[in-house]
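Convert by adding 1 to the 1-based position in the first sequence; the result is the number in my numbering. One structure is given below, encoded as C-alpha cells.
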Amino acid sequence: MSLQIYNTLTRTTEPFTTLETGVVRMYVCGVTPYDEAHIGHAMSAVVFDVIRRYLEHCGYRVQHIVNFTDVDDKVIARAAQLGRDALELSSELAEEFLAQLRALNVQPATAYPRVTQTIPEIIAFVQGLIDSGHAYATDGDVYFRVASDPDYGKLSGRSLDEMLVGTRFELDPRKESPADFALWKAARPGEPAWESPWGPGRPGWHIECSAMSMKHLGEQIDIHGGGSDLVFPHHENEIAQSESLTGKRFARYWVHNGMLQLVNPKTRQVEKMSKSLGNVVTVASFLEQYDADVFRLIVLSSSYRSPLTYNSEIAADNARKLERLLTGLQPASGASEEGPAVTALAAAVATANAEFRAAMDDDFNSAGALAALFELVRAINSARDAGVGGAPFAAAQRALRDLAGVLGLRLSPRPKGRRQDIAPFVELLVEVRNELRKARQFALADMVRGRLAELGVTLEDGPQGTHWKL
RNA sequence: GGCGACGUAGCAAAGUGGUAAUGCAGCGGUCUGCAAAACCGCCAUUCGCGGGUUCGAUUCCCGCCGUCGCCUCCA
2 MSLQIYNTLT
12 RTTEPFTTLE
22 TGVVRMYVCG
32 VTPYDEAHIG
42 HAMSAVVFDV
52 IRRYLEHCGY
62 RVQHIVNFTD
72 VDDKVIARAA
82 QLGRDALELS
92 SELAEEFLAQ
102 LRALNVQPAT
112 AYPRVTQTIP
122 EIIAFVQGLI
132 DSGHAYATDG
142 DVYFRVASDP
152 DYGKLSGRSL
162 DEMLVGTRFE
172 LDPRKESPAD
182 FALWKAARPG
192 EPAWESPWGP
202 GRPGWHIECS
212 AMSMKHLGEQ
222 IDIHGGGSDL
232 VFPHHENEIA
242 QSESLTGKRF
252 ARYWVHNGML
262 QLVNPKTRQV
272 EKMSKSLGNV
282 VTVASFLEQY
292 DADVFRLIVL
302 SSSYRSPLTY
312 NSEIAADNAR
322 KLERLLTGLQ
332 PASGASEEGP
342 AVTALAAAVA
352 TANAEFRAAM
362 DDDFNSAGAL
372 AALFELVRAI
382 NSARDAGVGG
392 APFAAAQRAL
402 RDLAGVLGLR
412 LSPRPKGRRQ
422 DIAPFVELLV
432 EVRNELRKAR
442 QFALADMVRG
452 RLAELGVTLE
462 DGPQGTHWKL
C-alpha cells in the first residue's frame, strides 16, 4: 500500500502520484500578516509541515512554497488604525510569524514569496487573462469574467447559477456578473499602489497565489493546500484564473485542513476565536506556557481534515502525553543484549515502523501514527524494566526518535528561560536528601522532596539514583 | 435558504460489513522506607436516535435530532 491522499476536488481518497518522478511541488496558502498570529494559523502550518516531512520521509524532494499576502484590505485597514505604513507593518508581522514557525519546529519552506515582490508577474498574468478574453478592465479595476470559465465551481461543488441565486453578491454596475471578482484594484488615496497598464493600483486577493505558484513552481503543481475556509472563493478563483490562462490543470491534489475552534471549558460551547470574545490564543502566548511539541501533539491527535477543538484542558492533557513519550527516552538500567526481552523489543520496533507507515500512508492518519509511537514507548519501557540495554535498547530509542522526527516532534523540551541555572542547587539538595535517606531520616527527606515539589521540581528515586525535572 | 462535514468510553480521538486502536483521567496489583515514574491487569456487550439492506452494521441506504464549516474577510 502506498500513500493515499484525500482530494477536495474529487471528494475521494486517491493514490498519490507526482508530475515529475521523485519531486513534489506543493503550494500552501500562508497568512495575511495584519495582526498577531494565533494558534489557528499555527495549526495550518504544522499540518502542512507534517505532510512535507512525511513526503520527504517517503523519499520525495519537496518544493514547498508558502506565501505572505503582505498587501490587502486588512493590512491597509490595520495600518491606518495604528497610523503606520502598511508595508512596514506587514513585513514586521511576517518576520515575527517566521520566528514563531521556527519555534514550532516547522521546517522552513523552500521560499516565502510575497505579493509585493511579485507585482510584475501578477500584472503579466492579468494582462494574459485580458488578452484571452477571461478578464476585462473598467475604471482602473480589472475583473475576472466568471462566465468565461465553464468549470467554475468545480472545487467547491456549486454551480454559477446556484451561487447567483439567494446569495449576497454585491451589485456593482461595473461588473458584468455579480460573481466576477477583482484581479486588480485601482488605487485609492493613501494606499500602496503600483503602476500598471490599467493605472495605479494593487492586486486583488486571489491572483497573487496563482501568480506566485506559477512563478515558483510552474504552470502545474502536485499539491495545493490551505485551510478549509479557503475552498470558496479563494481556491475556486485560483483554479479559474490559472486554468483559464494556461489551459492546463492547475493542481492535482487539493488538500485542506479543518479549522481550529475553541471550546469554552465552562460552558462547553464551541466558540470562534475572535477579538470581540477576547478569546484569541496567540502563538506567542501558547509557547510561553507550553513546549512546541505539546502544540504538535494536539494537532497530530486528530485528523487534519476535521475541526480541531482547543481549550486549556486539552493543552494540559497533551502536555502529559509528551511526558509519557519522553519516558521512552530514559536511559537503560541494565545491559542485557540478548534473550526473549530483546527479541520482543526488536519485534515491537518492526511493528511500530510498519504501523506508523500504514497510518501515514492512509491520508496522513497522524493519530494512528501516534498510537504506534505510544506502543513503542511501552515496549521500550518494558524492555528497560527487563534489564535490556546496549545496542538493542539504543536501536529502539533511535527508532522512536526517528519516527517522532517524521512528525516534527523534538522530544527534547528545553527548559524555559534561565531555569537551567538552578541545576547545581537542586543537585545539592538531592545529595543532602539522599544522605538523609541513608540515615533513615525519612521525615526530613520527604520534607525536602515536598518543598521542592511546591517549587515545581519533581524528584523520582530510581535504582540508578535520583532523577529530577521541572 | 443553498452546499458540505461531523456525532465512538469521564475527556480527547483512530477505525472496520463479522463484532471497538491509542493517550489523558480513574481503579486494583508489582516495585519503593513512603512517593513518583515504569510495568502488569481492569475500565464502551457498544459506536446520537428511529427505520431499511444483509446471514451479520458502529461501519452501506433513508429519515430525525444535535454540533460545526462555507456561501462576506479568514489558516
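Cβ coordinates follow ideal geometry from the N, Cα and C atoms, glycine included. Quick caveat, the model's predicted, so the values are computed rather than measured.
Aspartate 403 is classed as exposed because its beta carbon has fewer than 16 other beta carbons within 10 Å across all chains shown. Phenylalanine 17 has its alpha-carbon roughly 12 Å from the corresponding atom of valine 24. The three-state secondary structure of glycine 60, taken from DSSP, is coil. Under the DSSP assignment, valine 256 falls in the beta strand (DSSP E) whose first and last residues are 252-258. Taking a C-beta distance under 8 Å as the contact criterion, valine 350 and alanine 396 qualify as a contact pair. Here the C-alpha atom of tryptophan 255 lies approximately 12 Å from the C-alpha atom of glutamate 239. Membership of alanine 400 in the alpha helix (DSSP H) is indicated by the continuous run 391-407. Where alanine 183 is concerned, the enclosing beta strand (DSSP E) starts and stops at 182-187. In the three-state scheme derived from DSSP, where H, G and I count as helix and E and B as strand, serine 337 is classed as strand. DSSP places valine 295 within a helical segment (H, G or I) once states are collapsed to three.
The residue from Gly391, Ala112, Ala320 and Ala336 with its alpha-carbon nearest to that of alanine 293 is Ala320. For isoleucine 208, the uninterrupted alpha helix (DSSP H) segment begins and ends at 208-218. In the DSSP assignment, proline 16 is bridged to Gln5. With respect to the 8 Å criterion, threonine 33 and valine 76 are classified as neighbours on the basis of their beta carbons. For glutamine 82, the three-state secondary structure derived from DSSP is helix. Approximately 12 Å separates the beta-carbon atoms of valine 378 and leucine 346; this is outside 8 Å, ruling out the contact. Taking every protein chain shown into account, the CB of phenylalanine 443 has fewer than 16 other CB atoms within 10 angstroms, so this residue is exposed. Selection Asp447, Leu323 and Ala125 evaluated against lysine 216 yields Ala125 as nearest (Cα-Cα). Residue pairing of valine 29 in beta bridges, as defined by DSSP: Val67 and Gly226.
The Cβ atoms of serine 334 and arginine 385 lie closer than 8 Å to each other. Note on geometry: alpha-carbon atoms of proline 308 and lysine 155 lie some 23 Å from one another.
In the same chain as lysine 249, and ignoring 5 residues on each side of it, the C-beta atoms closer than 7 Å to its own belong to Glu220 and Gln221, in chain order.
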